[in-house]
Amino acid sequence: MGQEPVRRRDHAYRHATVVVATLLLPLALVVTRGRRFRERACEWAFRIRYPAESLAGLTPETRAAFVAARCAALWHDAELIGVTSGHRLFAEQEELFQEAVTSYGSEPRAREWVLPPQESAHVQGIAVDVRPTEGARWLERHGDRFGLYRTYANEWWHFEYHPSYRATGRRPPMRPTPGTLPARY
Ligand SMILES: [Zn+2]
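So in the UniProt record's numbering the end of the sequence shown lands on 185, straight run, no missing numbers.
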């Protein structure tokens, strides 16, 4: 019962963002040559919806795949996909990891949620943490078209760009936690 107003608000945000993106289409068409004007309008609308988020530091390929994916989600299904965390600096990831070691009590337990910087896909610029859950579900269903995959069973929000899988039609194996070693090890 208590969730209903939130859901109604989310619904309003989704449709408001579609309306804003639609209104921005003519301007995007003027300033963008080629087919990318729909993505441009979409990204402008996302900047209004999620003003604090940043795609800076992602590899250009990861960023392009993510923008294409969330534009498809918005235009085709009126689904919003926001970024809570994208690229992280080595030092930022080190700090997150050390904080996790302190709060979980050991490195192995910390690694169930946060990897050290040498191993983190966020530091490599190929990972995005997304919100809300509906947006993450959309990305889990359709992300393979863009080379974007959920990689950890315990993190519904974490997606990585792995273009090598797109050609094969397979998905990278989902590991239970970030700290679980890949099967080949
Ligand atoms: Zn993540």
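Where a beta carbon is used, it is the ideal one built from N, C-alpha and C, also for glycine.
- Listed in chain order, the alpha helix (DSSP H) elements of length 4 or more contained wholly in the segment 5–93 are 37–49, 60–77.
- Rounded to whole angstroms, R131 and E95 show a C-alpha spacing of 23 Å.
- Nearest to L74 by alpha-carbon distance, out of A45, W156, D129, is A45.
- The beta carbons of H158 and A110 sit no closer together than 8 Å.
- The C-alpha of T59 is placed about 13 Å away from the C-alpha of L148.
- The C-beta separation of T17 from R49 comes to about 5 Å, placing the pair in contact by the 8 Å criterion.
- Shown here for E99: not one same chain residue has a beta carbon closer than 7 Å to its own, the five before and five after excluded.
- In the displayed model, H122 falls within a helix according to three-state DSSP.
- In terms of Cβ geometry, T62 and G125 form a close pair [threshold 8 Å].
- Sequence-distant Cβ neighbours of A68 in its own chain, meaning closer than 7 Å and more than five residues away, are E39, F146.
- By the 16-neighbour rule on beta-carbons within 10 angstroms, Q118 is exposed.
- Counting of Cβ neighbours within 10 angstroms places F90 among the exposed residues, the total staying below 16.
- In the DSSP assignment, L148 falls outside any alpha helix (DSSP H) and lies within the beta strand (DSSP E) extending over 148–150.
- Residue pairing by DSSP puts V128 in a beta bridge opposite F159.
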